[in-house]
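Sequential numbering from 2 applies to the sequence shown in my numbering. C-beta: ideal position from N, C-alpha, C; glycine also. What follows is a short report on a single structure.
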Amino acid sequence: QASRPKVDAALSLGLPVILIDRPPLPEGAPCLTNLDAMLDWVARL
2 QASRPKVDAA LSLGLPVILI DRPPLPEGAP CLTNLDAMLD WVARL
């Protein structure tokens, strides 16, 4: 839903909008759902 304001802004300017699904994450890729998890992950690099 983070894209909604950008879509609304583009539409209000009369710009065409195309939404494309994100590809699935590669096998073994980390999926971090919050800032603390990301900071912990980066600290371990």
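Checking 8 Å against the spacing of the C-beta atoms, do residue i and residue j come in under that value?
i   : j   : result
M39 : L33 : yes
L26 : V18 : no
P31 : W42 : yes
Hey, could you find the ends of the alpha helix (DSSP H) residue i is sitting in?
i   : result
A44 : 36-44
A10 : 5-13
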